[in-house]
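Q:
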Amino acid sequence: RAPPLPAMVVLASASACPGVALRPLPAEVSACGCRHSGPAWLAASREGPARLSHATRSLHALAASAAASGLAVAGWSRSARKARVGAHRQPIATQLRATRAPREAPTPFPKPKLYTRQMARVLDLLAQEPVKADALADALLDLKNLHESDRQWMIWPRHIDDARRDAFSRGCFSLLRGILRCIKGEPGRLRAVSLEVLTSLLDGPTLTRMPPTFLVEAGAIGTLCRVGKEDKPMQVLTILDYVTSMAPSEMLPAVIDGGAAETAIFTLHKATTSPLEELAALDLLVGLSKRAPAKAVQAGVYDAVKIVTNEALVPRRNKIMNLLRPLVDHAEDEEAPLTNIRIGGLKF
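Anchor point for the sequence shown: position 183 equals 183 in the working numbering, and the numbering is continuous, going up by one each time.
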């Protein structure tokens with residue numbers, strides 16, 4: 001009798017013969033078809049080799065030869081099975097890739113807006129011809145409220161050259177020129193609101209505050225001085241006083257030549273000037289006398305303040321005269337000094 005066939009060899013050999021179904025039995029069968037003890041695998045019939053089909057006999061013959069070769073057949077069967085499985089898997093993977101939805105591009109972030117809503121509205125109204133005065137005044141008030149409530153809405157350029165570097169800086173320059181154009185226009189609500197907005201822009205947090213250098217280089221001093229002589233001297237003098245205190249020393253001659261000292265003197269000599277307006281004019285002259293005494297003397301400030309007779313304003317008048325007196329009191333044959341600092345110590 002032939003020795004029993006290993007179950008793994010029978011299974012591996014039978015897998016190479018298509019059309020043959022295997023099922024487990026409690027007995028083990030040899031190549032001749034006889035039963036033996038132990039588990040085994042049998043082809044479709046339990047009968048002997050006489051009644052086995054041609055496919056089954058071929059299976060037994062292949063299994064018998066495989067038993068002689070041992071594990072080599074089992075290894076070959078595993079390699080063949082892997083090749084068949086890979087061949088079946090490849091079309092499935094290709095089909096899955098074909099039916100998979102294409103990967104969508106990530107949603108881009110929205111492009112940030114160049115200007116805030118209030119600033120964009122003011123720029124749009126300034127670009128219209130003719131200008132809608134009421135709508136522009138309301139838009140400027142909204143801009144003022146934004147400046148007073150938001151501490152990060154704007155970073156102004158410090159100089160005109162900085163305004164050419166990008167579109168936002170050019171928009172800042174257009175906004176300032178538009179406000180100055182409204183101030184220069186006809187007296188009315190638009191001019192008053194424009195002066196109020198400009199005063200607010202010069203105040204507030206350091207980050208959003210308009211630099212005085214940018215205001216001077218934009219040509220605002222001449223416009224403000226002309227308006228100060230016509231109307232609203234109090235607001236104009238307040239703006240000029242701030243510029244005089246905060247601007248660099250090299251810009252003060254341009255401030256005086258633009259008409260700052262002349263506007264203050266005009267306010268002092270005007271018959272309808274109120275005490276508060278006189279106080280604002282004297283504060284401006286004090287600043288000019290401190291920082292640019294030579295230019296203040298040339299503008300006639302020393303003689304102009306002598307008309308002040310208000311007892312509450314006399315201390316400021318005396319302060320101005322004390323600052324400018326070293327430049328005025330000198331011998332006729334001596335050259336006029338250019339500073340109010342006495343050199344050589346005290347003289348008795």
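Positions of the beta carbon are idealized from the N, C-alpha and C atoms, including for glycine.
All values reported here derive from a predicted model rather than from experimental measurement.
#1: Do you know offhand how far R121's Cα is from V197's?
#2: Between L207 and P102, what straight-line distance do the alpha-carbon atoms span, to the nearest angstrom?
#3: By alpha-carbon positions, which one of V286, S169, I320, R189 ends up nearest to A135?
#4: Helix or strand or just coil, what does DSSP make of D203?
#5: Please report the distance separating the alpha-carbon of C225 from that of S245.
#6: Within 10 Å of its beta-carbon, does P233 have 16 or more other beta-carbons around it, so buried, or fewer, so exposed?
#7: Does the Cβ of F214 have 16 or more other Cβ atoms within 10 Å, making it buried, or fewer, making it exposed?
#8: Using a beta-carbon distance below 8 Å, is G300 in contact with chain C?
#9: Would you decide whether D124 is buried or exposed? Buried here means 16 or more other CB atoms lie within 10 Å of its CB.
#10: Could you give the first and the last residue of the continuous alpha helix (DSSP H) run that contains P130?
#11: Are the beta-carbon atoms of K290 and L323 separated by less than 8 Å?
#12: In terms of alpha-carbon separation, which member of S149, N145, L140, E148 lies closest to C176?
#13: For the alpha helix (DSSP H) containing V255, list its first residue and its last residue.
#14: Using 8 Å for Cβ pairs, my map puts E278 next to L313. What's the rounded Cβ distance?
#15: Hey, F266 and K295 are a contact pair by Cβ (cut 8 Å); roughly how many whole angstroms apart?
#16: Do R281 and L252 have their C-beta atoms closer together than 8 Å?
#17: So is I307 buried or exposed if we call it buried at 16+ other beta carbons inside 10 Å?
#18: Verify whether the separation of the beta carbon atoms of E217 and I256 is less than 8 Å.
#19: Out of curiosity, what's the CA-to-CA distance linking R170 and R164?
#20: Can you check which of these residues, G178, A271, P326, is closest to E129 by C-alpha distance?
#21: Would you mind reading off the limits of the alpha helix (DSSP H) that contains S174?
#22: When you compare the CB positions of H147 and S200, do they come within less than 8 Å of one another, or not?
#23: Would you report the Cα separation of D329 and Q298, rounded to the nearest angstrom?
#24: Classify Q235 as helix, strand or coil using the three-state DSSP reduction.
#25: Use the C-beta contact count for I221: other C-beta atoms within 10 angstroms, 16 or more gives buried, fewer gives exposed.
#26: Can you tell me the Cα-Cα spacing of A247 and V227, whole angstroms?
#27: How close, in whole Å, do the beta carbons of Q118 and D142 come, if the pair is a contact with beta carbons under 8 Å?
#28: Can you tell me whether G259 is buried or exposed? The criterion is at least 16 other CB atoms within 10 Å of its CB, across all chains shown.
#29: Return the residue from the list A304, P187, C172, E186 that minimises the CA-CA distance to H269.
#30: Counting only the same chain and skipping the five closest in sequence on each side, list residues whose C-beta sits under 6 Å from that of C392.
#31: What separation, rounded to the nearest whole angstrom, lies between the Cα atoms of L285 and L327?
#32: For the candidate residues E262, S274, N318, whose alpha-carbon lies nearest to that of G300?
#33: Using three-state DSSP, classify D329 as helix, strand or coil.
#34: How long is the line joining the alpha carbons of T309 and T273, rounded to whole angstroms?
#35: Let's test the definition: count the other Cβ atoms within 10 Å of the Cβ of Q152 and tell me whether it reaches 16, buried, or not, exposed.
#36: Taking the C-alpha atoms as reference points, what is the distance between A254 and C172?
A: With the given structure in hand:
#1: Reading the sequence shown from its first residue, position 121 is the one you call residue 121. Reading the sequence shown from its first residue, position 197 is the one you call residue 197. About 15 Å.
#2: The residue you call residue 207 lines up with position 207 of the sequence shown. The residue you call residue 102 lines up with position 102 of the sequence shown. Straight-line Cα distance between these residues: approximately 48 Å.
#3: Counted from its first residue, the sequence shown places residue 135 at position 135. If we check each option's Cα against that of A135, R189 comes out closest.
#4: Against the sequence shown, residue 203 aligns to sequence position 203. Taken through DSSP and simplified to helix, strand or coil, D203 comes out as coil.
#5: By 1-based counting over the sequence shown, the position of residue 225 is 225. By 1-based counting over the sequence shown, the position of residue 245 is 245. Note on geometry: alpha-carbon atoms of C225 and S245 lie some 17 Å from one another.
#6: Translated into the one-based positions of the sequence shown, residue 233 becomes position 233. Classification for P233: buried.
#7: The residue you call residue 214 lines up with position 214 of the sequence shown. By the neighbour-count criterion, in which a residue is buried when 16 or more other Cβ atoms sit within 10 angstroms of its Cβ, F214 is buried.
#8: This model lacks chain C altogether, as it is built from one protein chain only.
#9: On the sequence shown, residue 124 is found 124 positions in, with the first residue counted as 1. Exposed, since its Cβ has fewer than 16 Cβ neighbours within 10 Å.
#10: For the purposes of this step, residue 130 is identified with residue 130 of the sequence shown, where counting begins at 1. Neither: P130 is in no alpha helix (DSSP H) and is coded neither H nor E.
#11: Reading the sequence shown from its first residue, position 290 is the one you call residue 290. Reading the sequence shown from its first residue, position 323 is the one you call residue 323. Yes; because the gap between Cβ atoms is below 8 Å, this pair is in contact.
#12: As a first step, residue 176 is located in the sequence shown; it is residue number 176 there, counting from the start. It is worth fixing the name first, because residue 176 is Leu in this sequence and not Cys. The residue with the shortest Cα to Cα distance from L176 is L140.
#13: For the purposes of this step, residue 255 is taken as the residue at position 255 of the sequence shown. Element bounds for V255: 252-257.
#14: Taking the first residue of the sequence shown as position 1, residue 278 is located at position 278. Taking the first residue of the sequence shown as position 1, residue 313 is located at position 313. Right, their Cβ atoms sit about 6 Å apart.
#15: Mapped onto the sequence shown, residue 266 falls at position 266. Mapped onto the sequence shown, residue 295 falls at position 295. In fact, because the Cβ distance is near 17 Å, the residues do not count as touching under 8 Å.
#16: In the sequence shown, counting from the first residue as 1, residue 281 sits at position 281. In the sequence shown, counting from the first residue as 1, residue 252 sits at position 252. Rather than Arg, the amino acid found at residue 281 in this sequence is Ala. It is not a contact, given that the beta carbons lie outside the stated cut-off.
#17: Locating residue 307 in the sequence shown gives position 307, counting from the first residue. Exposed.
#18: Looking up residue 217 in the sequence shown gives position 217. Looking up residue 256 in the sequence shown gives position 256. No. Outside cutoff.
#19: One-based indexing of the sequence shown puts residue 170 at position 170. One-based indexing of the sequence shown puts residue 164 at position 164. One alpha carbon belongs to R170, the other to R164, and they sit about 6 Å apart.
#20: The residue you call residue 129 lines up with position 129 of the sequence shown. With distances taken between Cα atoms, E129 lies closest to G178.
#21: Against the sequence shown, residue 174 aligns to sequence position 174. 167-184 is the extent of the alpha helix (DSSP H) around S174.
#22: Working through the sequence shown from its first residue, we reach residue 147 at position 147. Working through the sequence shown from its first residue, we reach residue 200 at position 200. Against a cut-off of 8 Å, the Cβ pair of S200 and H147 comes out as a contact.
#23: One-based indexing of the sequence shown puts residue 329 at position 329. One-based indexing of the sequence shown puts residue 298 at position 298. C-alpha separation (whole angstroms): 14 Å.
#24: By one-based count along the sequence shown, residue 235 stands at place 235. It is helical.
#25: The residue given as residue 221 occupies position 221 in the sequence shown. Looking at its Cβ environment, which holds 16 or more other Cβ atoms inside 10 Å, I221 is buried.
#26: As a first step, residue 247 must be located in the sequence shown, where it is residue number 247. As a first step, residue 227 must be located in the sequence shown, where it is residue number 227. Their backbone Cα atoms lie some 21 Å apart in a straight line.
#27: Counting from 1 along the sequence shown, the entry for residue 118 is found at position 118. Counting from 1 along the sequence shown, the entry for residue 142 is found at position 142. Between D142 and Q118 the Cβ distance is about 5 Å, and since that is below 8 Å, they are a contact.
#28: Here the question's residue 259 lines up with position 259 in the sequence shown. So G259 ends up on the buried side.
#29: Counting from 1 along the sequence shown, the entry for residue 269 is found at position 269. Residue A304 is the option with its Cα nearest to H269.
#30: Only positions 1 to 348 of the chain appear in this structure, which leaves residue 392 out of reach.
#31: The sequence position of residue 285 within the sequence shown is 285, counting from 1. The sequence position of residue 327 within the sequence shown is 327, counting from 1. Roughly 16 Å between the two C-alpha positions.
#32: Taking the sequence shown and counting its residues from 1, the one referred to as residue 300 is at position 300. The shortest Cα separation from G300 among E262, S274, N318 belongs to E262.
#33: Numbered from its first residue, the sequence shown carries residue 329 at position 329. Correct three-state label for D329: coil.
#34: Taking the sequence shown and counting its residues from 1, one reaches residue 309 at position 309. Taking the sequence shown and counting its residues from 1, one reaches residue 273 at position 273. In a straight line, the C-alpha of T309 is about 13 Å away from that of T273.
#35: The residue you call residue 152 lines up with position 152 of the sequence shown. Classification for Q152: exposed.
#36: For this step, residue 254 is matched to residue 254 along the sequence shown. For this step, residue 172 is matched to residue 172 along the sequence shown. Near 22 Å, if we compare the C-alpha coordinates of C172 and A254.
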